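Each residue of the sequence shown is one higher than the one before, starting from 2 at the first, in our numbering.
The structure appears right after this line, and notes come after that.
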Amino acid sequence: MVAETHLGVEHLIYPIFLKDGKGIKEEINSLPGNYRWSIDTLLHELESCLSLGIKTIDIFPAVDESLKDKTATYSYADDNFYLKAIRAIKEKFPELMVMTDVAMDPYSSDGHDGLVENGEILNDATLPILAKMAVAQAQAGADIIGPSDMMDGRVGVIREALDLNGFEETSIMSYTAKYASAFYGPFRDALNSAPKHGDKKTYQMNPSNRREALLEAELDIEEGADMIMVKPALCYLDVIHELKSNFSVPVTAYNVSGECAMVIAAAKNGWLNYNLAVYEMLLSIRRAGADGILTYFAKDFATYIRG
Ligand code: PBG
């Protein structure tokens with residue numbers, strides 16, 4: 002009666018890694034219990050996710066090094082396995098909400114989210130590439146486009162490109178306050194997408210800043226974001242609270258790979274009770290104000306609350 006916060010499977014978005022090929026289920030060393038799937042094995046897995054009540058997934062592609070280049074051309078290529086998989090998933094499970102990722106890093110030979118020239122990230126020159134990628138994903142059937150790149154102005158450019166191509170109904174969940182964080186390690190292992198040189202501090206946010214997140218949110222909403230995200234979640238609960246208090250669009254939070262890996266590792270050592278720690282973590286993110294949570298715990302949490 003007195004519980005102020007509710008946490009259910011309906012609040013969770015399950016991030017999933019996809020790889021080209023057949024019969025693949027490769028465990029990610031730094032994120033045990035999470036895998037790189039090929040489309041055939043993934044379709045099976047999604048059946049069990051749906052039966053547990055998971056309604057939304059976010060898919061990330063692990064692209065072969067040989068297909069990467071400076072301008073991320075594979076990201077919108079006709080024969081792109083990621084785009085083909087989105088089609089297959091929406092065909093088989095039209096009721097499953099599919100979110101896709103817009104950023105250059107999985108396809109970039111530099112391992113950066115934007116175009117690199119002389120060691121610098123070119124913000125404006127990156128925008129048309131992101132727009133092309135977003136349109137290709139919408140064409141494949143994506144319901145939610147997730148720009149994770151942090152280039153300034155990309156939400157507006159993506160919104161315009163989607164509308165011009167007839168995708169007015171495709172929504173945008175913007176990575177609004179994405180911090181230059183130490184907690185992305187396992188994700189970069191999963192995609193082999195770590196920067197080849199330099200870091201992401203010229204485009205991701207400084208962890209010392211909270212007010213800047215308000216500015217980022219104002220800009221994203223003005224440019225057409227339907228939902229705004231804070232990432233990572235746990236070191237940034239105050240930022241989640243701030244955005245929730247100041248804006249009326251839905252706020253989501255990304256409980257990132259490193260945050261999940263810490264709990265998995267401690268639980269494996271017998272230092273923490275896995276299910277209880279996961280529950281408390283996710284509840285804290287909801288209590289801070291997140292409507293939705295992207296988390297690698299989605300399936301385990303769904304299984305736990307069933308049982
Ligand atoms: C990059 C991207 C990253 C994540 C999602 N998209 C990593 C990065 O910015 O280097 C991290 C997610 C996670 O750690 O779970 N576009």
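We treat Cβ as the ideally placed atom computed from N, Cα and C, and that holds for glycine.
What you are looking at is a predicted structure, and each value in this text was computed from that prediction instead of being measured.
Which of the three DSSP states is assigned to residue i in this structure?
i    : result
N276 : helix
L97  : coil
T296 : strand
E28  : strand
M2   : coil
T304 : helix
A268 : helix
D65  : coil
I58  : strand
D79  : coil
K20  : strand
L215 : helix
L44  : helix
L220 : helix
L8   : coil
L53  : coil
Let me check understanding here. Comparing Cα to Cα, which of the options lies closest to residue i?
i    : options                : result
T72  : G24, K85, T101, M134   : M134
I60  : T101, E96, T74         : T101
M263 : N166, H12, P33, A254   : P33
V1   : D79, Y297, P129, Y176  : A query on residue 1 cannot be resolved here, the shown segment of the chain reaching from 2 to 308 and no further.
P196 : D153, G112, P208       : G112
E170 : I14, F94, I229, V136   : V136
V158 : I146, E224, M105, E217 : E224
A218 : H198, A191, P251       : P251
L43  : S246, L53, I90, P95    : I90
L215 : A191, E281, S246       : S246
N193 : E5, P62, D150          : P62
P1   : I229, I40, L238        : Because residue 1 is not part of the residues shown, which for the chain are 2 to 308, the question remains open.
I25  : L13, I14, S39          : S39
E261 : Y280, K56, N81, L244   : The residue you asked about is not Glu; residue 261 is Cys in the sequence shown. The candidate whose alpha carbon is nearest that of C261 is Y280.
N210 : V240, L244, M2         : V240
H198 : K179, V117, K69, S76   : V117
D190 : V64, A278, K23         : V64
K23  : F82, E92, Y15          : F82
D125 : A143, D153, A139       : D153
G167 : K179, P148, S149, Q138 : Q138
K93  : I229, H45, V103, F248  : H45
H242 : G271, A178, A267, Y204 : A178
S172 : D221, G9, K69, Y305    : D221
Y305 : L123, N276, D79, L19   : N276
G259 : I229, Y77, V10, Y185   : Y185
S175 : N270, G293, M230       : M230
P95  : K69, A143, A4          : A143
I145 : G271, M206, S249, L97  : L97
Whole-angstrom Cβ separation of residue i and residue j, contact assumed at under 8 angstroms?
i    : j    : result
L131 : R160 : Not a contact, Cβ separation roughly 11 angstroms.
A141 : L51  : About 19 angstroms separates the two Cβ atoms, so there is no contact after all.
V182 : P107 : Note on residue identity: the sequence assigns Ser, not Val, to residue 182. So it is not a contact: roughly 18 angstroms between Cβ atoms.
E28  : Y36  : 5 angstroms
I87  : I58  : Going by Cβ atoms, the distance from I87 to I58 rounds to 10 angstroms, so no, they are not a contact pair.
A254 : I55  : In fact, because the Cβ distance is near 17 angstroms, the residues do not count as touching under 8 angstroms.
T6   : R287 : 5 angstroms
K201 : D114 : 7 angstroms
V103 : G147 : 6 angstroms
I14  : A299 : 7 angstroms
L8   : L284 : 5 angstroms
Y204 : I122 : 6 angstroms
Y77  : L68  : At roughly 12 angstroms, the Cβ-Cβ gap does not stay under 8 angstroms, so Y77 and L68 are not in contact.
Secondary structure, alpha helix (DSSP H): runs of 4+ residues fully inside the region 181-213: DSSP runs (the alpha helix (DSSP H)) wholly in the region 181-213: 186-192.
Jot down the residue ranges of each uninterrupted alpha helix (DSSP H) in the region 103-188, minimum 4 residues, whole runs only, in chain order. Unbroken alpha helix (DSSP H) runs of no fewer than 4 residues, entirely contained in the region 103-188, are found at 124-141, 155-165, following chain order.
Length at least 3, wholly inside the region 225-258: the beta strand (DSSP E) runs in chain order: The region 225-258 contains, as complete beta strand (DSSP E) runs of 3+ residues, the segments 228-232, 252-256 (chain order).
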